[in-house]
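Just below is one structure, and these are the notes that go with it.
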Amino acid sequence: MILDSYTAANRRRYSLADSLHIDAPLIIALLLTAALGLVILYSASNQNEDIIIRQLTRLAVAFGVMVLVAQISPRQLRFWTPWLFAIGLVLLIAVLAFGEGKGAQRWLDFGLVRFQPSEIIKITLPMILAWYLADAALPPKPSRVIICIILIILPTLLIAKQPDLGTSLVIASSGIFVMLLSGIRWRFVFSAMFAAIAAAPLLWYFMHDYQRQRVLTFLNPEQDLLGSGWHIVQSKIAIGSGGVYGKGWLNGTQSHLEFLPERSTDFIFAVYGEEFGLMGILVLLTLYLFIIARSLYISTQAQDTFGRLVGGSIAITFFFNIFVNIGMVTGLLPVVGLPLPLISYGGTSMVTLMIAFGILMSVHTHRKLLSQ
Amino acid sequence: MLRKLQIKDHGSETRLFKRRAIVAIVVIIMMMLGIVSRLIYLQIYNHQHFSTLSQKNRLKIVPLPPTRGLIYDRNGVILAKNIPSFSLELIPEQVKDLDNTLERLSQLISISDSDRQHFKRLVKQKRRFQSIPLRYRLTEEEVARFSVDRHLYKGVNIQARLIRYYPFGKTGVHTIGYVGRIDARELQRIDPANYSATTHIGKLGIERSYEDDLHGQVGYQQEEVNAQNRTLRIIDSTPPVAGRDLYLNIDIKLQNYADKILGDYRGSIVAMDPRNGELLALISKPNYDPNQFVTGIGVKSYAALRDSPDKPLFNRSILGQYPPGSTVKPFIGLAGLDADLADSSLFCPGWFELEGDERRYRDWKKQGHGDTDLDKAIVQSCDVYFYELAKKLRITQMHKFMSLFGFGQKTGIDIIGELPGLFPSREWKREKRGQAWFPGETVITGIGQGFTLTTPLQLASATATLSMNGLHFRPTIVQSKQGDEDAEPIPVQPTRYKSVLLKSPQNWQTIKKSMLRVLHSPRGTARSSGKDAPYKIAGKTGTAQVFGIAQDAEYNEEEIDLRLRDHSLFIAFAPFDKPTIAIAVIAENGGSGGHVAAPIARKVLDAHLLGKGL
C-alpha cells in the first residue's frame, strides 16, 4: 500500500529520479544497506581504512553502473539478450580451457580486468529465459519448458565443473525462479522437486572431495573442529554470544581475535550478529525485505512479460543469496562460498548485483515513458 | 503476429504473475521468519552457552610454576638450588618434517642418540601442541648458533627455565635425593591443578619426602589470546607461591669428609647428635651424580647404575640390613646387667657347647680368653661370654630389651623407604618360618649373628640412645622449614621416643666404661683408634660373618672371595662424658671391625669434634 501511494504521488511530478530513470525508494534502501555494510566491514576488517576505501570505490562504481544500465530501455535489453547470453557461454567454455584461480578455475584474465564469466550468466540466464518465454503465451507448454531446462542446465553444469558449487546453485535457482514466475504448473514443479531429491545421490557421485567434505561437515560440524567445521562452530559462537543487543560495534571478540574465519567476506554476517545482536539483525532483515518487496512490486508493474520475469527473478535471486549466506553462517545450511549481498567485501558480485537492480529500475522507469 | 496476440492474454498473464509474486513474497517472509527463529535459538535461547564458549575461546589460563624450595645444610651451605638453563624445545604440531628438522638441528647443536630417543618417547606421550624438550643445558655458544638460524626452524624454540642443580653432586645423593620428570605413576598421586605447570617432582630422599613443602603453590595468569593462541594481553594473574626452603641437620663439610674417608669401600656411615636425634652425616657408598637424573638419564647410563654389582642406587644407610655382629654386645651386656645375670665371670676355652648338643660355638680367638667378666668380654669382644649370657637371658628377654633400643623397628627417619631390620623372637620364627625356636639360635643371637639384621641408621640411633643413658630420639634430617613470607624458619621439634629405663641406672655407666676401654685400654679391640685422642671415645667393634664356615674350617681372609669377606663394623660416641656425636660405620667386606671401620670412625669424630681435615 505504501509502495503504491508513493509511486502514485511520484507520477504527478517529473522528479530528478524520473529523469535519471531510477526508483528512489529502491535506491535509498540499497544505499542504506550498503552504508550499514561499510560500518560492519570497518569492524570486520579490524578498522582497516584501505579496505573501506576500496569497498567504497567498488560501491561507487557499482552504483554508477546501475544508473547507466537503468538508462537502457527494456526493449534494447531484450534485443541484446541472446547475444549477451551466447558471449557468456563462450567465455564459460574459455574459462574451463584457459582460466585460473586457486583450486578452482573461475577467472579470466584480460590483462586489465580479471573477471568471472559466471557473473555474466547470473544476469543473462534469467534474461534469456524471459526472452524465450515472452514469445508465447503463459503458462508455457511442456515442450518450451524442456527447452528452458536445457538453457538452465547448460551453464549450470559448466560452472559446477569449474568447480563453483555456490554460484552454479544460484544460477540454476535464478533460472528456476523465472520458470516458477512464468506460471508453470505446480504439479510439474512438485514432480521436478521429487525427481531432484531422487537424483541427490547422483549429485554426490559427481561432487569433488572438498564439496563432499563440506556437506559432511554441515551434517556434523563438531566432527572436524580444526578443519572446515571450525568455520561453522566459530560463527555460531559469534552470533550466539552476541545475544539480543550485541557486544557493541568494534567489540566482537570472536572477530577481532581472529577466531572467525572469512570475517570480511562470506562470514561477515557473524561479525554483525556478534556486535549488533538480534536487534541489529532485525534492522538488516527489514532493509532486505523492503528491497525484495519493492523489487517484486516493480516486477508486477512491468508492462511486458520479459520485464516481469526478469525483474521477479532478480528479486527472488537476491533473497536466495541472502538466505543461503545467513543459513550457512547460522549453521542451517552447508558452507557454500556465497557472499552476503551489499555487505560482504568483494568486487565482481557487487557490480553484477547492481546491474541487476539497474535492469529492475529500467523496467520500472521506462514503463511510464512508453505509456505516454 | 495476429495469432500470437490472440493467444497471449495480457490480463490473465499479469494476474498469473501477480499470484506467483504473492506466493513468492509469502514464501520469502516465511523463510525470513525461519532465519529469525534460528537467530532467536542462537542468540536468546542458547546465548549463555555461546557466551561461555566465546569467553573460553578468548581467555587462556596459563599456569605459572612455583619456584622449588632450596635445600641448605646446617650451616647454610646450599645443597640443592635452581639454576637457569636453556633448553631446545620443539612443538611437533608446528614442525613440518620432524626427522629432517632433527637432522638439520644436529648440525648446529650436538644431539646425542639418547637425546633423540628421549625426545621420541616424549613425542609419543605428549600432545601434538605441547612443547617438548630435545636438549637441555645448551651452552651459550649453542644458544647463539641457533638464534642466528632461528627463522629457518618453525616450531623450534629456546626455552629458559629453572632446573634443579646439586652443587655437591654425588655426596649425599641418597639423603638429599633428586628431582626428575613426573612419570605416569606419580601423575596419579599428585594434585593435577597444583602441578599443572610443574615438570619435575622429588624422586628420592629429602626431595621426595618433603615434596609438599618444596613444591609450593601454582600461580595462574589469565591471558587474552587470538585464534593463533598468541597472547595479546594479560588480564589477571595470581603469582605462584614458591616452595619452602629446607634447612638440614646435615653438615655438608662432615658429609663430604666422611664420604672421602670411607674411600672405595661399599658401606655406610651414619653420624647423629645423640642429644636430639639430628643427623649430621648420612653416607651410603658407592653413590652417583643426581644431576644426570634431573634432565633425564639415558637408558644405558641408568642400566649401568641399576645393574652394577656394587649397587650404587641402593641407599645402604637406611635400606642396608647387615648382621650387626659384636656391635650388639654392649646392648646384650646391658640386658644381662639389668636382669642381674651378668655379675659373674666365666672361663672361656675358645668354644662353647650347649648341654646335649655336640655342636661347638667357636670364639673368634681360637685359644680362648680365659677367665672373662662382662667388662673383658666387651673390651676384647669375647664371644663365649655372650653365648653363655644369651643362653641365660633367653631369646624372649633379649628381644624385649633390644626392641627398647629400636632394633627390629623402623627408626622413623624423615625420608621415605627405611627398612626395619630384624631382631628375632620365637613368635617371629613361628609366624614367618613356621618353625620352632632352637636353643642354638639364642646362642648366636647373643653375638649379633643368626637372624639379626640392622641398618646402619639403627645402629647409630641405638648407640646414641645408649650414650644418653636411655634418652631415645627420632633421627631427623630436616632441621627447619622456611616460614610464611618473611617469618622466621619453623624448626622441626625433636621427637622423643619412650626412654630406655634400667632397674639400676648405674649400669649405664658400667657398660659405657667398658666401651671406653675398647678404645682406651691396652687390650681393647679398637685401641689403635683410640690412641692419642684429645677426647674420650666409647665404642664397639664388630665383624659380621657373611659366609658360614664349616665347624672345623679355618677362616683365612686371603683365600676367601672378596665379596664373601666379613663386614667391618664399628659403633662409637664421643666425647665420653657429654656425647655430642654417635656414629655407626659399616665397610662391606672390610674384614675386622677394629682394623677398618674403627679408624674411619675416629677420623670422622676428629673432623666433627676438632675440625680436623674439614
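So the sequences go chain by chain: V and F.
Residue 1 is where the first sequence starts when you use the working numbering, and the numbers rise one by one after that.
Residue 373 is where the second sequence starts when you use the working numbering, and the numbers rise one by one after that.
Just so it is clear, CB atoms sit at the ideal spot from N, CA and C, and this is done for glycine as well.
Interface flag for V:V310 against chain F is unset, since no Cβ pair is found closer than 8 Å.
As for any beta strand (DSSP E) of minimum length 3 sitting wholly inside the segment 704 to 782 of chain F, the runs are 718 to 720, 723 to 725, 732 to 734, 742 to 744, ordered along the chain. Counting C-beta pairs closer than 8 Å gives fewer than three between the segment 603 to 614 of chain F and the segment 798 to 817 of chain F, which falls short of the contact rule. Among the residues facing chain V, F:I669 is not included, as its CB has no counterpart in that chain under 8 Å away.
Along the segment 538 to 574 of chain F, the alpha helix (DSSP H) occurs as fully enclosed runs of 4 or more residues at 545 to 548, 556 to 561, listed in sequence order. Distance check between V:I120 and each of V:I93, V:G88, V:I149 places V:G88 closest, using alpha-carbon atoms only.
With fewer than 16 neighbouring CB atoms inside 10 Å of its own CB, F:G728 falls in the exposed class. In this structure F:M644 touches F:A832 by the C-beta definition: roughly 5 Å separates them, less than 8 Å.
Annotation for V:S143: the continuous alpha helix (DSSP H) segment containing it runs 142 to 160. By the Cβ rule, the segment 239 to 258 of chain V does not count as touching the segment 339 to 346 of chain V, because fewer than three pairs are nearer than 8 Å. Three or more Cβ pairs closer than 8 Å define a contact, and the segment 357 to 367 of chain V meets that threshold against the segment 17 to 25 of chain V. Here the alpha carbons of F:L460 and F:S839 stand approximately 55 Å from one another.
Taking 8 Å as the cut-off, the Cβ atoms of V:E274 and V:G252 count as close. The three-state secondary structure of F:M840, taken from DSSP, is coil.
The closest CA to that of F:W809, considering only F:P947, F:S568, F:I767, is found on F:I767. The three-state reading of DSSP puts V:Q301 in coil, since its state is none of H, G, I, E or B.
Taking 8 Å as the cut-off, the Cβ atoms of F:L576 and F:G549 count as close. Interface with chain F (8 Å Cβ-Cβ cutoff): V:L285 is included. F:S964 and F:D938 have their alpha carbons spaced roughly 7 Å apart. At least one C-beta of chain F is nearer than 8 Å to the C-beta of V:E258. Around the Cβ of F:A675, a 10 Å sphere holds fewer than 16 other Cβ atoms; the residue is exposed. The alpha-carbon of F:F724 is positioned some 27 Å away from that of F:G962. What F:I397 touches in chain V, judged by beta-carbon distance under 7 Å, is A293, L296, going in chain order.
Using beta-carbon distances, V:L59 does not count as an interface residue toward chain F, since no partner is under 8 Å. At least one beta carbon of chain V lies nearer than 8 Å to the beta carbon of F:I416. In this structure, the CA atom of V:M193 is about 37 Å from the CA atom of V:L31. At the C-beta level, V:L41 and V:I291 stay beyond 8 Å of one another.
Looking at the backbone, the Cα of V:R214 and that of V:H231 are separated by about 11 Å. Taken through DSSP and simplified to helix, strand or coil, V:T265 comes out as coil. Going by C-alpha positions, F:Q466 is about 44 Å away from F:G855. At least 8 Å separates the beta-carbon of F:L618 from that of F:G527. In this structure F:L713 touches F:L761 by the C-beta definition: roughly 6 Å separates them, less than 8 Å. Under DSSP, the beta-bridge partners assigned to F:P435 are F:Y592. Within chain F, no residue has its CB atom less than 7 Å from the CB of V:K141, the nearest being about 11 Å off.
Under the Cβ criterion of 8 Å, F:I400 is counted among the residues facing chain V. With its beta carbon at least 8 Å from every one in chain F, V:G175 lies outside the interface.
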